[in-house]
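Protein chains: 2
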Amino acid sequence: MEDEFAALYLEHQLCFPLYAVSRFTTKIYAPYLEELGVTYPQYLVLLVLWQYGEQSVKDIGQRLYLESNTLTPLLKRLTQKGLVKRERAQADERTVLVSLTEQGQGLREKASLIPQRILGSFQSGAISEGELLAFQKTLHKLLGVLEEKVVGEV
Amino acid sequence: MEDEFAALYLEHQLCFPLYAVSRFTTKIYAPYLEELGVTYPQYLVLLVLWQYGEQSVKDIGQRLYLESNTLTPLLKRLTQKGLVKRERAQADERTVLVSLTEQGQGLREKASLIPQRILGSFQSGAISEGELLAFQKTLHKLLGVLEEKVVGEV
DNA sequence: GTTAAATATATCGCACACGATTTAATCGTA
DNA sequence: TACGATTAAATCGTGTGCGATATATTTAAC
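Chains as they are written, first to last, in the numbering used here: chain B, 819 to 972; chain L, 819 to 972.
Written as structure tokens, this is what we have:
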């Protein structure tokens, strides 16, 4: 019973579980991020600001693979919440430098507890720690491969 | 030099690469789906209709982990394109049954070539076929674990 | 030095996701 | 059998993603 459409079966797809797992992950974060008062993409922006400090919209975009059409409104919302400052660079008026306010910097402590709590949700009897590590490793490789295909390599 | 915030570094996150890879994957599909004239979530709905035939909005939602607030407008757009029919069930007027039009059914042939073409984008010297298979296996397990946490198990 | 190309944000429009609520139909139980 | 609870879609509002375009500034070429 060969099925010429077997490749289209949902359970044979690689893309669908990626999409579903990604969405589920965001939902797992939701209650923790609610305590911080931010959404998941906003949390990602805070991550790069905590890690690298003041930087341009473009820098943030390159780190998160997002562009100004997504970041500009998002950053305005973070500004509204008092977590972030935006100002044009003196040297180059085209560039907008984004930096953390004291309040934004302060959230880092609270946030630092999240990853450990999240990890618990990913662990289970069905998946060993080694398997999860291997998964993470492949995921990073895949990110590199796809980045090249999608973003292009200049 | 212990860093109390190391857990917040972008490259230590599991969530971010999942999010990025999922978005990249959608972009990889884009040119192929443009030939079909549908978006990626619309394509997923077609997948379950091709695979399981006529079914309710709720059935589709349970298979894709989406709810009526997302599906209703999406299905209206698929109807507009002439790919799908929506009608209330006789037996239970609350239920809306979704089925493929001839045109929607016809797209299956064209679509059946996509998975193979996509797979090429995921393959690379850096990732062996075995590694990709292991990745897919863990991904499915993860989907199961997270599904239980997020959707609940009733 | 003026102007065309390049660059960095911003804006616009559309299509998801999703929490919350509403509407309509069906079910369950006293 | 009436009526409250449950169920299935739909609606609403907010926040992304993202292709396409616009705006403003800087760079480069002449």
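Note that the Cβ used here is the ideal one computed from N, Cα and C, for glycine as well.
Query	Result
Residue environment, threonine 888 of chain B, which counts as buried when at least 16 other CB atoms sit within 10 Å	exposed
DSSP three-state assignment for valine 856 of chain B, whether helix, strand or coil	coil
Backbone secondary structure at leucine 912 of chain B - three-state DSSP	Reading off the sequence, residue 912 of chain B comes out as arginine, not leucine. Arginine 912 of chain B: coil per DSSP, three-state reduction.
Contact with chain L by proline 835 of chain B, beta-carbon distance below 8 Å	yes
Helix, strand or coil at glutamine 898 of chain B according to DSSP, with G and I counted as helix	helix
Nearest-angstrom Cα separation, counted from proline 835 of chain L out to leucine 867 of chain B	17 Å
Stretch-stretch touch, CB-based, cutoff 8 Å, three pairs: the stretch 915-927 of chain L with the stretch 887-904 of chain L	yes
Residue interval of the alpha helix (DSSP H) (run including histidine 958 of chain L)	947-969
Interface residues of the stretch 878-899 of chain L facing chain B [CB-CB below 7 Å]	Arg881, Tyr883
Every unbroken beta strand (DSSP E) inside the stretch 861-907 of chain L [3 residues or more]	902-906
Below-8 Å beta-carbon distance, valine 863 of chain L vs any chain B residue	no
The stretch 837-854 of chain L / the stretch 866-885 of chain L touching (three or more Cβ pairs under 8 Å)	no
Residues near alanine 907 of chain L by beta carbon distance below 8 Å, same chain, minus five either side	Ser874, Thr913, Val914, Leu915
Chain B residues whose Cβ lies nearer than 9 Å to that of leucine 832 of chain L	Thr843, Pro933, Ile936, Leu937, Phe940, Leu950, Phe953, Gln954, Leu957
Any chain L beta carbon closer than 8 Å to arginine 926 of chain B	yes
Of the listed residues L/Thr857, L/Leu896, L/Ser939, L/Leu864, nearest to valine 968 of chain B (C-alpha basis)	L/Ser939
Under 7 Å by beta carbon: chain L residues contacting serine 840 of chain B	Leu836, Tyr837, Ser840
Leucine 832 of chain L - DSSP class collapsed to helix/strand/coil	coil
CB contact below 8 Å: leucine 826 of chain B versus chain L	yes
CB contact check: glutamate 852 of chain B to chain L, cutoff 8 Å	no
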